[in-house]
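Colleague:
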Amino acid sequence: MSKAVIAIHGGAGALSRGRLNPDAEQKYRQALSDVVSQGQKMLAQGASALDAVTEAVRLLEECPLFNAGIGSVYTRAGTHELDACVMDGATRKVGAVAGVSHIRNPVLAARKVLENSPHVLLIADGAEAFAEAQGLKRVDPACFSTPERYQQWQEARAGQQVWLDNDARAPLSEKNKFGTVGAVALDSAGNLAAATSTGGMTNKLPGRVGDSPLPGAGCYASNSSVAVSCTGTGEVFIRTLAAYDVAALVEYRQLSLQQAAQQVIMKKISDLGGSGGLIAVDRKGNVALPFNSEGMYRGVGFLGAVPQIAIYSGEDN
Ligand code: ASP
193 MSKAVIAIHG GAGALSRGRL NPDAEQKYRQ ALSDVVSQGQ KMLAQGASAL DAVTEAVRLL
253 EECPLFNAGI GSVYTRAGTH ELDACVMDGA TRKVGAVAGV SHIRNPVLAA RKVLENSPHV
313 LLIADGAEAF AEAQGLKRVD PACFSTPERY QQWQEARAGQ QVWLDNDARA PLSEKNKFGT
373 VGAVALDSAG NLAAATSTGG MTNKLPGRVG DSPLPGAGCY ASNSSVAVSC TGTGEVFIRT
433 LAAYDVAALV EYRQLSLQQA AQQVIMKKIS DLGGSGGLIA VDRKGNVALP FNSEGMYRGV
493 GFLGAVPQIA IYSGEDN
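All residue numbers in the sequence shown are consecutive under this note's numbering, ending with 509.
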């Protein structure tokens with residue numbers, strides 16, 4: 193059996209057992225399983241890791257359960273600003289977009305930046321103009337809205353008023369789960385790739401950019417080490433360069449993937465008060481999925497095996 197594998201996440205956060213009703217939990221598990229299956233199918237047919245992670249993240253963006261694409265959270269101004277990144281471990285080429293509001297699938301725009309621009313990261317209007325010129329359709333931002341996210345925003349705003357009175361420096365609601373999505377894969381040719389996409393954090397200031405579109409922070413892939421996609425308090429993942437730190441610990445300190453991923457989440461992120469997790473795969477097909485929050489939506493699919501889906505801590509995968 194080939195060592196090719198895909199792992200995905202749908203965000204980490206306050207996901208304790210019993211918080212989701214059984215119907216909702218089943219929906220999340222099914223959605224994750226469907227995406228993992230699609231990734232497995234592509235890898236089995238010889239698709240590149242880059243194509244598999246791009247498609248997995250596109251599918252997660254299309255699913256309103258997650259905070260990326262359709263179902264993205266609201267900014268403090270009641271708008272949606274989406275970020276995404278995709279990185280090819282074979283070439284270390286990377287493409288990203290940040291603060292976009294009119295691109296249905298930011299990961300596809302990121303992929304166009306990777307393939308068809310001399311740049312790494314395009315933002316806002318410029319990113320949208322580029323995406324349109326590349327043939328991606330411009331959409332009305334209303335397509336990202338869902339009643340659940342609206343409700344979440346209302347709650348965050350209500351809490352914010354009180355909270356800001358106490359600490360005007362704390363701009364983000366940490367109460368909500370982080371529904372960012374991501375995928376990492378190893379293909380049959382031995383290449384690694386990673387992709388991450390998000391609506392950001394609920395009630396964020398307009399213009400705020402998190403870790404997700406930043407190579408080395410929320411997304412990283414190199415064939416000489418690992419592929420990583422992160423989710424959590426973006427500011428802390430930026431300050432620790434979390435995704436690259438996993439790669440560096442593997443490449444320079446020869447830690448195992450598991451040790452490196454654990455150290456970054458349980459020590460570096462936790463020490464700075466960050467919350468969240470990451471998914472990572474190395475060239476041998478080892479997979480690590482650590483998180484320091486109560487749960488993380490996650491799934492892994494080795495070729496020929498049943499997708500392993502988990503949400504809570506202590507579940508196998
Ligand atoms: N890391 C993302 C951000 O800070 C949020 C998330 O993971 O849900 O934008």
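Note that beta-carbon positions come from the ideal geometry of N, C-alpha and C, so glycine has one too.
List the whole-angstrom C-beta distance separating Ser-421 from Ala-377, where the pair is believed to meet the contact cut-off of C-beta under 8 angstroms.
Modeller: Contact flag wrong, Cβ pair sits at about 10 angstroms.
Colleague: Less than 8 angstroms between the C-beta atoms of Thr-423 and Ile-461, yes or no?
Modeller: No.
Colleague: Excluding sequence positions up to five away, which residues of its chain have a Cβ less than 8 angstroms from the Cβ of Leu-207?
Modeller: Correct list, in chain order: Lys-369, Ser-485, Glu-486, Gly-487, Met-488, Tyr-489, Ile-503 and Tyr-504.
Colleague: With a threshold of 16 other CB atoms inside 10 Å of the CB of Gly-506, please say whether the residue is buried or exposed.
Modeller: Exposed, since its Cβ has fewer than 16 Cβ neighbours within 10 Å.
Colleague: For Gln-500, count neighbouring C-beta atoms within 10 Å of its own C-beta (all shown protein chains included) and say buried if the count is 16 or more, exposed if not.
Modeller: Label assigned to Gln-500: buried.
Colleague: Starting from Ser-229, trace the alpha helix (DSSP H) in both directions and tell me its first and last residue.
Modeller: Looking at the DSSP string, the run of the alpha helix (DSSP H) that includes Ser-229 is 214-236.
Colleague: Residues in its own chain within less than 7 angstroms of Gln-326 by CB, not counting five upstream and five downstream?
Modeller: Here the set comprises Lys-304 and Asn-308.
Colleague: Please list the terminal residues of the continuous alpha helix (DSSP H) segment that includes Ala-321.
Modeller: Unbroken alpha helix (DSSP H) run through Ala-321: 316-325.
Colleague: With a CB to CB cut of under 6 angstroms and the five nearest residues on each side skipped, what residues in its chain are close to Phe-258?
Modeller: Gly-202, Leu-252, Gly-371 and Val-373, listed in sequence order.
Colleague: With respect to the beta strand (DSSP E) encompassing Val-473, which residues constitute its N-terminal and C-terminal limits?
Modeller: Unbroken beta strand (DSSP E) run through Val-473: 468-474.
Colleague: What does a CB cutoff of less than 6 angstroms around Val-456 pick up in its chain, not counting 5 residues either side in sequence?
Modeller: Cβ within range, chain order: Ala-434, Asp-437 and Val-438.
Colleague: Within its chain, find whatever has a CB closer than 7 angstroms to the CB of Asn-539; leave out the 5 residues flanking it on each side and keep chain order.
Modeller: For residue 539 there is no data in the structure shown, the boundaries of the chain being 193 and 509.
Colleague: Can at least three beta-carbon pairs, one atom from the region 259-267 and one from the region 228-241, be found at a separation below 8 angstroms?
Modeller: Judged by Cβ distances under 8 angstroms, the region 259-267 makes no contact with the region 228-241, as fewer than three pairs qualify.
Colleague: Can you name, in chain order, every residue of its own chain whose Cβ lies under 8 angstroms from the Cβ of Val-197, other than the five neighbours on each side?
Modeller: Around Val-197: Leu-235, Ala-377, Leu-378, Val-473, Gly-477, Val-479, Val-492, Gly-493, Phe-494 and Leu-495.
Colleague: What beta strand (DSSP E) runs, 3 residues minimum, are completely inside the region 372-434?
Modeller: 373-378, 384-390, 411-413 and 418-424, all fully within the region 372-434.
Colleague: Quick one: what's got a C-beta closer than 8 angstroms to Thr-271's C-beta in the same chain, skipping five residues either side?
Modeller: Correct list, in chain order: Ser-293, Pro-333 and Pro-398.
Colleague: Ignore the nearest five residues each way along the sequence and tell me which others in Leu-314's own chain have a CB closer than 6 angstroms to its CB.
Modeller: Excluding sequence neighbours, Leu-314 sits near Val-289, Val-305 and Phe-322.
Colleague: Is Ser-293 close to the ligand ZN? I mean its beta-carbon at under 7 angstroms from any heavy atom of the ligand.
Modeller: What this structure holds is the ligand ASP, not the ligand ZN.
Colleague: For the alpha helix (DSSP H) containing Asp-243, list its first residue and its last residue.
Modeller: Segment 241-254, the alpha helix (DSSP H) holding Asp-243.
Colleague: Pop quiz: Ala-199 and Leu-481 are said to be a contact at Cβ under 8 angstroms. What is the actual Cβ separation, rounded to whole angstroms?
Modeller: Indeed, because the Cβ distance is near 7 angstroms, the residues count as touching under 8 angstroms.
Colleague: Helix, strand or coil for Arg-330 per DSSP?
Modeller: DSSP places Arg-330 in strand when its eight states are reduced to three.
Colleague: Count the other CB atoms within 10 Å of the CB of Asn-213; is the residue buried (16 or more) or exposed (fewer)?
Modeller: By the neighbour-count rule (16 or more Cβ atoms within 10 Å), Asn-213 is not buried but exposed.
Colleague: Ignore the nearest five residues each way along the sequence and tell me which others in Gln-230's own chain have a CB closer than 8 angstroms to its CB.
Modeller: Here the set comprises Glu-247, Ala-248 and Leu-251.
Colleague: Let me check you understand the geometry: is the CB of Met-458 closer than 7 angstroms to at least one non-hydrogen atom of the ligand ASP?
Modeller: Result no, Cβ not under 7 angstroms from the ligand ASP.
Colleague: On the three-state DSSP scale, how would you describe Ala-502?
Modeller: Residue state, collapsed to three classes: strand.
Colleague: Helix, strand or coil for Val-299 per DSSP?
Modeller: Three-state DSSP puts Val-299 in a helix.
Colleague: Assuming Ser-273 contacts Gly-392 (C-beta within less than 8 angstroms), just tell me the rounded distance between them.
Modeller: As written in the sequence, residue 273 is Glu, which differs from the Ser given in the question. Contact flag correct, Cβ pair sits at about 6 angstroms.
Colleague: Between which two residues does the beta strand (DSSP E) holding Leu-274 run?
Modeller: Its beta strand (DSSP E) spans residues 274-280.
Colleague: What would DSSP say about Lys-195, mapped onto helix, strand or coil?
Modeller: Here Lys-195 sits in coil by DSSP.
Colleague: Taking the straight line between their C-alpha atoms, what separation do you get for Tyr-266 and Arg-330?
Modeller: Those two C-alpha atoms are separated by around 19 angstroms.
Colleague: When the distance is taken between beta carbons, is Val-286 closer than 8 angstroms to Val-312?
Modeller: Yes; because the gap between Cβ atoms is below 8 angstroms, this pair is in contact.
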